[in-house]
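Right, one structure below, let's go through it.
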Amino acid sequence: MVSGASGIDFVLLVIAADSGVMPQTREHLQIMEILGITRGIVVLTKSDLVEDDLLEICEIDVRELLEKTVLKDAPLIRVSARTGQGIDELKTEIAKMYTASPGRTAEGVFRMYIDRIFSKSGFGTIVTGTVIGGHLEKESDVILLSENPKTLRVRRMERHGEEVASIQAGDRASINLVGLEKADFSRGMVIADRLLKETLMADATLQVHAERCKLDLWSKAIFHTGTYEQQARIHLINKNQLLCGESAIVQIHFETPVYLQHGDRFVIRNSSCDLTIGGGEIIDAAPLHHRRRPEKLVNELELVAKNKLHELVALELKKARTPLTAGAIARNLNVSGSKVLKLIETKTVKGVLRFDTREGPALALQSWLDAIRIDIITVVGDYRKKNPLSAKGINLDELRSTLKLEKSGAVDDVLLAVVNGLVEKGRLRENAKTWLAGDDSGAVDTRLARKVELIENFFSGCGMQAPLPNQLKELADREKIAEKELKAIVHHLISTGRIIKAEDTHIHISVVDDCRKKLIEKLSNSSEGIKVADFRDLINGNRKICLLLLAHFDAEGTTVRQGDFRHLKPSAQEKQPNKSC
Numbered sequence: 025m026v027s028g029a030s031g032i033d034f035v036l037l038v039i040a041a042d043s044g045v046m047p048q049t050r051e052h053l054q055i056m057e058i059l060g061i062t063r064g065i066v067v068l069t070k071s072d073l074v075e076d077d078l079l080e081i082c083e084i085d086v087r088e089l090l091e092k093t094v095l096k097d098a099p100l101i102r103v104s105a106r107t108g109q110g111i112d113e114l115k116t117e118i119a120k121m122y123t124a125s126p127g128r129t130a131e132g133v134f135r136m137y138i139d140r141i142f143s144k145s146g147f148g149t150i151v152t153g154t155v156i157g158g159h160l161e162k163e164s165d166v167i168l169l170s171e172n173p174k175t176l177r178v179r180r181m182e183r184h185g186e187e188v189a190s191i192q193a194g195d196r197a198s199i200n201l202v203g204l205e206k207a208d209f210s211r212g213m214v215i216a217d218r219l220l221k222e223t224l225m226a227d228a229t230l231q232v233h234a235e236r237c238k239l240d241l242w243s244k245a246i247f248h249t250g251t252y253e254q255q256a257r258i259h260l261i262n263k264n265q266l267l268c269g270e271s272a273i274v275q276i277h278f279e280t281p282v283y284l285q286h287g288d289r290f291v292i293r294n295s296s297c298d299l300t301i302g303g304g305e306i307i308d309a310a311p312l313h314h315r316r317r318p319e320k321l322v323n324e325l326e327l328v329a330k331n332k333l334h335e336l337v338a339l340e341l342k343k344a345r346t347p348l349t350a351g352a353i354a355r356n357l358n359v360s361g362s363k364v365l366k367l368i369e370t371k372t373v374k375g376v377l378r379f380d381t382r383e384g385p386a387l388a389l390q391s392w393l394d395a396i397r398i399d400i401i402t403v404v405g406d407y408r409k410k411n412p413l414s415a416k417g418i419n420l421d422e423l424r425s426t427l428k429l430e431k432s433g434a435v436d437d438v439l440l441a442v443v444n445g446l447v448e449k450g451r452l453r454e455n456a457k458t459w460l461a462g463d464d465s466g467a468v469d470t471r472l473a474r475k476v477e478l479i480e481n482f483f484s485g486c487g488m489q490a491p492l493p494n495q496l497k498e499l500a501d502r503e504k505i506a507e508k509e510l511k512a513i514v515h516h517l518i519s520t521g522r523i524i525k526a527e528d529t530h531i532h533i534s535v536v537d538d539c540r541k542k543l544i545e546k547l548s549n550s551s552e553g554i555k556v557a558d559f560r561d562l563i564n565g566n567r568k569i570c571l572l573l574l575a576h577f578d579a580e581g582t583t584v585r586q587g588d589f590r591h592l593k594p595s596a597q598e599k600q601p602n603k604s605c
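If you count by my numbering, then the sequence shown holds residues 25 to 605, one letter each, in order.
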């Protein structure tokens, strides 16, 4: 009954007049309530087999049973299949209830649990099931969600035996799929119009209906949703014990992956599957593992259970610890992007701010924004302390990396919005697309600037002789420049383009530029190329510096090596300065 109940709008609660209320009658009522089915008609069958006074007693028993259920005001009709009594009245009531049934939305993710699979000559593989969400068009693709998801093409669809061009939530449908083999299928599988996230855990609300049934802090049960059936462990979050008639927030742990969505209804039965314990509704299909049960967590989950999707969006942002686009939130929750967008546009989610980014609307928690502002100011200050030689501050890539944020257009746009807000308030100062503290002029300390000048002059003074590492160290020792400080100065000179690193040494940029100019002039007037020996004569340098410079010119694209010769790359002509008349 559980697998077939998905997608039902209203029920016929059938009770035999000669038998009265049976245990399965009570169980079916419980499952109705669990699955959120609130409308129905009560049908007393075999009315012709019972005397009128016994029939009256049966009706009284039924009404007493229904008194505290969703069917307490449901029509009750006596029928007889043998005599036809009440059949027309029942048909009329069914038609009225059908007409009054609210239409199902075709929005959202298309999902259908497969309850039957078979092959038909001339068609191939056909699956049947109840569409539990979204809509599907003929000739579109679907994905069989499994350990190895498989994309399939829809060839033909039928609803109640008639071919249709589309199906939607609530429909019983059969779908002819191209690419599906019976061997690919196992009970509980779902087809969807997109790849959904699987989960081994879910947060949910749970109510116990079975009498004399008790759930402890951890309990085992059989979990049912759609056609999926698997043993699960139930962890109570806001209670230590759950008795009949009580509700709780729980975390459900599955043995095999399942594809769930916020709002999905489920039923749990005992391990022998002969008793329905209770059921409830999924509130988060991708939760964190709640090893502990702090009061803050309990309050958050109770809030989500009461206020549904908009609180779940806030919870998703809290889990992510970063801004998320509407599309990313939708993927994480296995819901449609349009549903999240609609929520953003029509409801103000408490504690959440919206940003328009290059990747569409994005959301960020106010608490995250408050914390990230403090972190940004700290990171900018620390960067300056670590890079005292730079007149510039930290750039966007370095800032994002230090804050350990994912690289994306949406994150960058939100981060820029926060940084620009700090600039407007004077907490930061922008300098050439980098940021310094608001009170930081960017000036380099006078004593440090002198040391930088001293080291640069050393490299410049080496001219055509590649300096040895011990020569640089001797200078640093003489001038009392610590090793760490020396490394920072050399790194600064490299990053500002005043020296280049060449293997284990460094060469001043004035030497590099002068040698490049001579090399380009030489090769521009010769098609033969140049050897190392010729280049050594050209610049009047030793063999080591010649090899280092030629390797550098190859790497930067000025020259290209062919055997023992270097030739000028065509693009390198642009590096040659214009000759004045």
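Where a beta carbon is used, it is the ideal one built from N, C-alpha and C, also for glycine.
Since we're looking at a predicted model, the values are computed, not measured.
Candidates 302, 208, 205: which alpha carbon is nearest residue 249's? Answer by Cα proximity: 302.
Under DSSP, the alpha helix (DSSP H) around residue 398 begins and ends at which residues? Looking at the DSSP string, the run of the alpha helix (DSSP H) that includes residue 398 is 390 to 410.
Secondary structure of residue 509, DSSP reduced to three states: Here residue 509 carries a helix assignment [DSSP, helix/strand/coil].
Who are the near neighbours of residue 109 in its chain, counting only those whose CB is closer than 8 Å to its CB and skipping five residues on each side? Closer than 8 Å at Cβ, skipping near neighbours: 71, 72, 102, 103.
Consult DSSP for residue 32 and reduce its assignment to one of helix, strand or coil. For residue 32, the secondary structure class from DSSP, reduced to helix, strand or coil, is coil.
Could you tell me the boundaries of the beta strand (DSSP E) in which residue 429 lies? For residue 429, no beta strand (DSSP E) segment is defined, and its DSSP state is neither H nor E.
Are there 16 or more other CB atoms within 10 angstroms of the CB of residue 172, so buried, or fewer, so exposed? Per the 10 Å Cβ criterion, exposed.
C-alpha gap between residue 529 and residue 488, whole angstroms: Going from the Cα of residue 529 to the Cα of residue 488 covers about 13 Å.
Helix or strand or just coil, what does DSSP make of residue 24? Given a span of 25 to 605 for the chain in the structure shown, any question on residue 24 remains unanswerable.
Helix, strand or coil, according to DSSP, for residue 590 in the structure here? Residue state, collapsed to three classes: strand.
Between the beta-carbon of residue 176 and the beta-carbon of residue 202, is there less than 8 Å? In contact: residue 176 and residue 202 (Cβ atoms closer than 8 Å).
On the three-state DSSP scale, how would you describe residue 455? In the structure shown, residue 455 sits in a strand (DSSP, three-state: E or B).
Return the chain-ordered list of same chain residues with a C-beta closer than 7 Å to the C-beta of residue 443, the five sequence neighbours on each side being excluded. The beta carbon of residue 443 lies closer than 7 Å to those of 400, 452, 459 in the same chain, with the five residues before and after it left out.
Just how far apart, CA to CA, sit residue 450 and residue 461? Looking at the backbone, the Cα of residue 450 and that of residue 461 are separated by about 8 Å.
Taking C-alpha atoms, which residue in 393, 194, 234 lies nearest to residue 429? It is 393.
Whole angstroms are fine: how far does the CA of residue 188 sit from the CA of residue 150? The alpha-carbon atoms of residue 150 and residue 188 are separated by roughly 15 Å.
Specify the secondary structure class of residue 284 as computed by DSSP and reduced to three states. In the three-state DSSP reduction, residue 284 falls in the coil class, being neither helix nor strand.
Residue interval of the beta strand (DSSP E) (run including residue 138): Per DSSP, the continuous beta strand (DSSP E) segment holding residue 138 begins and ends at 135 to 144.
Per the DSSP calculation, residue 196 is bridged to which residue(s)? Bridge partners of residue 196: 154.
By DSSP's criteria, residue 161 is part of a beta bridge. Which residues make up the other side? Paired residue(s): 190.
Give the secondary structure of residue 307 by DSSP, where H, G and I count as helix, E and B as strand, and everything else as coil. In the structure shown, residue 307 sits in a strand (DSSP, three-state: E or B).
What separation, rounded to the nearest whole angstrom, lies between the Cα atoms of residue 533 and residue 522? Answer to the nearest angstrom: the Cα atoms are 5 Å apart.
Just curious, the alpha helix (DSSP H) that residue 495 is in, first and last residue? For residue 495, the uninterrupted alpha helix (DSSP H) run begins and ends at 493 to 502, by DSSP.
In three-state DSSP terms, what is residue 225? Look at residue 225 here: in three-state DSSP terms it is strand.
Which of helix, strand or coil does DSSP assign to residue 576? Per DSSP, reduced to three states, the secondary structure at residue 576 is helical.
Taking only three categories from DSSP, how would you classify residue 12? The shown model of the chain, from 25 to 605, leaves out residue 12, and the question about it has no answer.
I'd like the span of the alpha helix (DSSP H) that includes residue 71, first residue to last. Going by DSSP, residue 71 is part of no alpha helix (DSSP H) at all; its letter is neither H nor E.
What does the Cβ neighbour count give for residue 283, buried or exposed, with the cut at 16 atoms within 10 Å? So residue 283 ends up on the buried side.
Could you spell out where the alpha helix (DSSP H) holding residue 181 opens and where it closes? Where residue 181 is concerned, there is no enclosing alpha helix (DSSP H), although the beta strand (DSSP E) it sits in stretches over 174 to 183.
For residue 234, which three-state DSSP category applies? In the structure shown, residue 234 sits in coil (DSSP, three-state: anything other than H, G, I, E or B).
CA nearest to the CA of residue 513, picked from 591, 582, 477: The candidate whose alpha carbon is nearest that of residue 513 is 477.
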